[in-house]
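Peer 1: The opening residue of the sequence shown carries number 3 in the numbering used here; numbering runs sequentially from there.
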Amino acid sequence: MSVSTFTRTSSIIPSGSLSALSLRCPLFLFTLWWLCSESVVLQLSVSPHSAPTVSSDFLSQRQGNMVGQMKLMIAEEQKFQGKALSLSHTKTAITTIKEKFTEQQLQMFEQSCFGHLLGIQDLKWTSPIVHGLLLRKADPKTVSQLNGIKFIVGNKVIQFTAQQFCIVTGLRFGNLPFIPIPTNENCSLKRKYFANDKTVNLLELEKAFLEYDDVDDVFKLGFVYFAVLGSEKHVHIDMRYLKLAEDLEDFGKYPWGAVCYAKTNASLLRALCADYQRVKVPTKTAKTKKSGKKPTTTATDRPREYHLKGFPYELQIWAYEVFPALAALHLVVHEENAYIPRLLHWRSNSSPHFYELMSQVFENREVDVQLLRPSVMDKQQPYSTWGDSADDTEELVDLLGDDAEQKTGTSASVEEKDKDIDETASLPSSSKASITFFRRYTRVQRVTHFERTKDELAKVALSNRALRDRVHQLEEKVRKESMKAEKEFEKNTNCVEDFRNTLASMEHYFKLEIEQLKKQNGGVNEAA
3 MSVSTFTRTS SIIPSGSLSA LSLRCPLFLF TLWWLCSESV VLQLSVSPHS APTVSSDFLS
63 QRQGNMVGQM KLMIAEEQKF QGKALSLSHT KTAITTIKEK FTEQQLQMFE QSCFGHLLGI
123 QDLKWTSPIV HGLLLRKADP KTVSQLNGIK FIVGNKVIQF TAQQFCIVTG LRFGNLPFIP
183 IPTNENCSLK RKYFANDKTV NLLELEKAFL EYDDVDDVFK LGFVYFAVLG SEKHVHIDMR
243 YLKLAEDLED FGKYPWGAVC YAKTNASLLR ALCADYQRVK VPTKTAKTKK SGKKPTTTAT
303 DRPREYHLKG FPYELQIWAY EVFPALAALH LVVHEENAYI PRLLHWRSNS SPHFYELMSQ
363 VFENREVDVQ LLRPSVMDKQ QPYSTWGDSA DDTEELVDLL GDDAEQKTGT SASVEEKDKD
423 IDETASLPSS SKASITFFRR YTRVQRVTHF ERTKDELAKV ALSNRALRDR VHQLEEKVRK
483 ESMKAEKEFE KNTNCVEDFR NTLASMEHYF KLEIEQLKKQ NGGVNEAA
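Printed below as a string of structure tokens:
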């Protein structure tokens, strides 16, 4: 590889070389003039196996928000054998629901928005596959998270997006409707089971679901219980779901896919990254040889065991779909059936060895990668909201440049779409460099506009959140004032009642006194 640096000082490049380049491609000379007029530095990287590419140093100077190089969040030499633990509690919840519901209720649940998830009771959680894939996660600080999480596997960059989550899980996406805050007055479930509780955690909800016997209420609590899985059991649930469950038709239309994806995506983004952990993981020293136990953290303070919230089974099924090598190694079995969605097509076969899995699949530069795109049948499902648009489908990106000829490390120069490669394959190398440069510069402008729009939307969202909080505060204030007025009214009513009783007693006393006086006066008259 040779690196040539162009500046205002033309003496750095021999005149003969410059003339040859300008003759091969006039557009290159225009590019050089434009760069010199902008007083910037361009590095042209030339590889015998790839087309010249524009260095990310220039792009980062032109636009700070555009990162030209993707990096692994954890370098290959720092990888470690960890254990990803799922907090979805799905299997336990399915067993509990089947035991608690009547036969008729179970049939109704099977026809609901969650019914197809009963089919994953036998699906095995395979931690090495999930952990191995998360080790190939691109550093969120070096890529733009515009369309899901990016993974660098082999010489490809692949994305895990909301649309794939919908295809695999079959859960509905859409806008979140307004749900009023439940109170003892407007929500029977809260009044009956949580009248004195402002908040309820998952464990308390599970206890109410298991202990109470009202058939209709247990059925509704079962839906809420299944919907809020994916967190630690001490975490408080959204109480508004109790209000939503009073109308199971509206409950079924709620975009649970969007809720579940948001929780899952946030957990996957934070996984294995100390900068994104809400709670710092304490570093524990290794046990002595007598105990024989492994330390809970690695030398880099990353936990050997960590929890994933939401529905991380989806990432496991997504890996089955994207990497055919997992089935070729007999780690999973694809079952040919007509079931929808995709998670019903797979069955775990055996638990792989971590380092064998990494070398043969996730670190294998020749591994086959299949794009997960919606089929015609997928698009016809009621939970599908993307239609025929291809903009939301997953992108597969080849790693280009000299980094692609070396072992994939913590950095790689990338193109954004396969079609860019096809369109420039037959052009001279200098033309490829110029075209690639202008395409990337245009892409920088689009990203700049998108980032500006995203910032404006974030401000609007923040303002809406503050307004919503203010509305909730006013609702709470009105509720308290109403309760206070009711207490005052009740107190005044009691006072009036006491006063009436006192008047009645006095009236009765006066009548007795009058009767007594009449008797006394009658006796006096008779004596006279």
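For each residue, glycine too, the CB sits at the ideal point set by N, CA and C.
Applying the criterion that 16 or more other CB atoms from any shown protein chain within 10 Å of the CB defines a buried residue, is Cys360 buried or exposed?
Peer 2: Against the sequence shown, residue 360 aligns to sequence position 358. A small correction: the amino acid at residue 360 is Met; Cys does not occupy that position in the sequence shown. So Met360 ends up on the buried side.
Peer 1: How should Asn2 be labelled, buried or exposed, when 16 other C-beta atoms within 10 angstroms of its C-beta is the threshold for buried?
Peer 2: In the structure displayed, the chain extends from 3 to 530; residue 2 sits before or after that span and is not available.
Peer 1: Whole angstroms are fine: how far does the CA of Val155 sit from the CA of Lys421?
Peer 2: Mapped onto the sequence shown, residue 421 falls at position 419. Mapped onto the sequence shown, residue 155 falls at position 153. With a pLDDT of 35 at Lys421, under the threshold of 50, the predicted position of this residue should be treated as unreliable, and no value is reported.
Peer 1: So Phe211 and Lys102 are supposed to be a Cβ contact under 8 Å. How far apart are they, rounded?
Peer 2: Position 209 of the sequence shown, counted from the start, is the residue given in the question as residue 211. Position 100 of the sequence shown, counted from the start, is the residue given in the question as residue 102. Indeed, because the Cβ distance is near 7 Å, the residues count as touching under 8 Å.
Peer 1: Roughly how many angstroms lie between the CA atoms of Ala95 and Leu205, to the nearest whole one?
Peer 2: Within the sequence shown, numbered from 1, the residue matching residue 95 stands at position 93. Within the sequence shown, numbered from 1, the residue matching residue 205 stands at position 203. Their Cα atoms are separated by approximately 12 Å.
Peer 1: Output yes or no for whether 8 Å exceeds the beta carbon distance between Cys275 and Met75.
Peer 2: Position 273 of the sequence shown, counting from 1, holds the residue named residue 275. Position 73 of the sequence shown, counting from 1, holds the residue named residue 75. Contact flag set, yes.
Peer 1: Sorted by chain position, which residues of the same chain lie with C-beta nearer than 8 Å to Asp124's C-beta, five sequence neighbours on each side aside?
Peer 2: Indexing the sequence shown from 1 puts residue 124 at position 122. These residues qualify, in order along the chain: Arg349.
Peer 1: Quick one, which of Glu509, Gln522, Arg502, Pro314 has its alpha-carbon nearest Leu87's?
Peer 2: By 1-based counting over the sequence shown, the position of residue 87 is 85. For Leu87, the nearest C-alpha among the options comes from Pro314.
Peer 1: Here's the rule I'm using: 16 or more other beta-carbon atoms within 10 Å means buried, otherwise exposed. How should Thr266 be labelled?
Peer 2: Within the sequence shown, numbered from 1, the residue matching residue 266 stands at position 264. When all chains shown are included, Thr266 counts as buried.
Peer 1: Rounded to the nearest angstrom, what separates Phe111 and Asn503 at their Cα positions?
Peer 2: As a working mapping, residue 111 is identified with position 109 in the sequence shown. As a working mapping, residue 503 is identified with position 501 in the sequence shown. One C-alpha to the other measures close to 58 Å.
Peer 1: Go ahead and label Cys115 buried or exposed: buried means 16 or more other beta carbons lie within 10 angstroms of its beta carbon, across all protein chains shown.
Peer 2: For this step, residue 115 is matched to residue 113 along the sequence shown. Buried, because 16 or more other Cβ atoms sit within 10 Å of the Cβ of Cys115.
Peer 1: With 16 other CB atoms within 10 Å as the buried threshold, where does Gln166 fall?
Peer 2: Locating residue 166 in the sequence shown gives position 164, counting from the first residue. Around the Cβ of Gln166, a 10 Å sphere holds 16 or more other Cβ atoms; the residue is buried.
Peer 1: Where do the N-terminal and C-terminal ends of the beta strand (DSSP E) with Lys158 fall, by residue?
Peer 2: What you label residue 158 is simply residue 156 of the sequence shown in a count that begins at 1. Residues 158-162.
Peer 1: With 16 as the cutoff for other CB atoms within 10 Å, does Ile319 come out buried or exposed?
Peer 2: Locating residue 319 in the sequence shown gives position 317, counting from the first residue. Buried, because 16 or more other Cβ atoms sit within 10 Å of the Cβ of Ile319.
Peer 1: For Val324, count the other beta carbons within 10 Å of its own beta carbon; 16 or more makes it buried, fewer makes it exposed. Which is it?
Peer 2: On the sequence shown, residue 324 is found 322 positions in, with the first residue counted as 1. Buried, because 16 or more other Cβ atoms sit within 10 Å of the Cβ of Val324.
Peer 1: Let me make sure I understand the geometry here. Which of Ala164, Glu105, Glu368 has the alpha-carbon closest to that of Pro257?
Peer 2: The residue you call residue 257 lines up with position 255 of the sequence shown. Of the candidates Ala164, Glu105, Glu368, the one whose C-alpha sits nearest the C-alpha of Pro257 is Ala164.
Peer 1: Is there contact here, the stretch 184-200 with the stretch 332-339, by at least three beta-carbon pairs under 8 Å?
Peer 2: With a cut-off of 8 Å, the stretch 332-339 and the stretch 184-200 do not count as touching, because too few Cβ pairs lie within range.
Peer 1: So, under 8 Å CB-CB, Ser386 and Cys168 are touching, yes? Tell me the CB distance rounded to an integer number of Å.
Peer 2: Against the sequence shown, residue 386 aligns to sequence position 384. Against the sequence shown, residue 168 aligns to sequence position 166. 7 Å between Cβ atoms; contact.
Peer 1: Locate the beta strand (DSSP E) running through Trp348, then write down its first and last residues.
Peer 2: One-based indexing of the sequence shown puts residue 348 at position 346. Unbroken beta strand (DSSP E) run through Trp348: 348-350.
Peer 1: Could you check whether Glu307 and Gly84 sit closer than 8 Å to each other, using their CB atoms as the reference points?
Peer 2: Counting from one through the sequence shown, the residue named residue 84 turns up at place 82. Counting from one through the sequence shown, the residue named residue 307 turns up at place 305. Contact flag set, yes.
Peer 1: Specify, as a first and last residue, the run of the alpha helix (DSSP H) that Lys102 falls within.
Peer 2: Mapped onto the sequence shown, residue 102 falls at position 100. Residues 92-102.
Peer 1: How is the alpha helix (DSSP H) around Ala327 delimited, first residue to last?
Peer 2: Indexing the sequence shown from 1 puts residue 327 at position 325. Element bounds for Ala327: 327-330.
Peer 1: Can you pull the DSSP bridge partners for His309?
Peer 2: In the sequence shown, residue 309 corresponds to position 307, counting from 1. Answer by DSSP bridge pairing, in chain order: Leu87.
Peer 1: Anyone know if the C-beta pair for Gly172 and His118 falls short of 8 Å?
Peer 2: If you number the sequence shown from 1, residue 172 lands on position 170. If you number the sequence shown from 1, residue 118 lands on position 116. In contact: Gly172 and His118 (Cβ atoms closer than 8 Å).
Peer 1: Just reading off the beta strand (DSSP E) that Ile154 is part of, what are its end residues?
Peer 2: In the sequence shown, residue 154 corresponds to position 152, counting from 1. Counting along the chain, the beta strand (DSSP E) containing Ile154 begins and ends at 151-155.
Peer 1: Taking the alpha-carbon of Val202 as reference, which of Asn177, Tyr214, Asp219, Arg242 has the nearest alpha-carbon?
Peer 2: The count along the sequence shown starts at 1 and reaches residue 202 at position 200. Taking only the C-alpha atoms, the option nearest Val202 is Arg242.
Peer 1: Would you identify the three-state DSSP class for Asn203, choosing helix, strand or coil?
Peer 2: For the purposes of this step, residue 203 is taken as the residue at position 201 of the sequence shown. Note: Asn203 maps to strand in three-state DSSP.
Peer 1: Excluding the 5 residues flanking Tyr214 on each side, which residues of the same chain have their C-beta closer than 7 Å to its C-beta?
Peer 2: For the purposes of this step, residue 214 is identified with residue 212 of the sequence shown, where counting begins at 1. Taken in chain order, the residues that qualify are Tyr195, Val220.
Peer 1: Leaving aside the five residues before and after Glu248 along the sequence, list all residues of the same chain whose C-beta is less than 8 Å from its C-beta, in chain order.
Peer 2: By 1-based counting over the sequence shown, the position of residue 248 is 246. Same-chain partners within the cutoff: Cys189, Ser190, Leu191, Lys222.
Peer 1: Would you decide whether Leu373 is buried or exposed? Buried here means 16 or more other CB atoms lie within 10 Å of its CB.
Peer 2: Within the sequence shown, numbered from 1, the residue matching residue 373 stands at position 371. Classification for Leu373: exposed.
Peer 1: Using a 10 Å radius around the Cβ and a threshold of 16 neighbouring Cβ atoms, would you call Gln161 buried or exposed?
Peer 2: Within the sequence shown, the letter at position 159 stands for residue 161. Its Cβ being crowded by 16 or more others within 10 Å, Gln161 is buried.
Peer 1: According to DSSP, which residues form a beta bridge with Ala140?
Peer 2: Position 138 of the sequence shown, counted from the first residue, corresponds to residue 140. Leu74, per the DSSP bridge assignment.
Peer 1: Taking all protein chains shown into account, do 16 or more other C-beta atoms lie within 10 angstroms of the C-beta of Glu492, making it buried, or fewer, making it exposed?
Peer 2: As a working mapping, residue 492 is identified with position 490 in the sequence shown. Under this definition Glu492 is an exposed residue.
Peer 1: Tell me whether the beta-carbon of Asp370 lies closer than 8 Å to the beta-carbon of Pro326.
Peer 2: On the sequence shown, residue 370 is found 368 positions in, with the first residue counted as 1. On the sequence shown, residue 326 is found 324 positions in, with the first residue counted as 1. Taking 8 Å as the Cβ cut-off, Asp370 and Pro326 qualify as a contacting pair.
Peer 1: Checking the sheet assignment: what are the DSSP bridge partners for His336?
Peer 2: For this step, residue 336 is matched to residue 334 along the sequence shown. DSSP output for His336 lists Trp348 as bridge partner(s).
Peer 1: Would you list the one or two residues that DSSP bridges to His118?
Peer 2: Reading the sequence shown from its first residue, position 116 is the one you call residue 118. Answer is none; His118 lacks a bridge partner.
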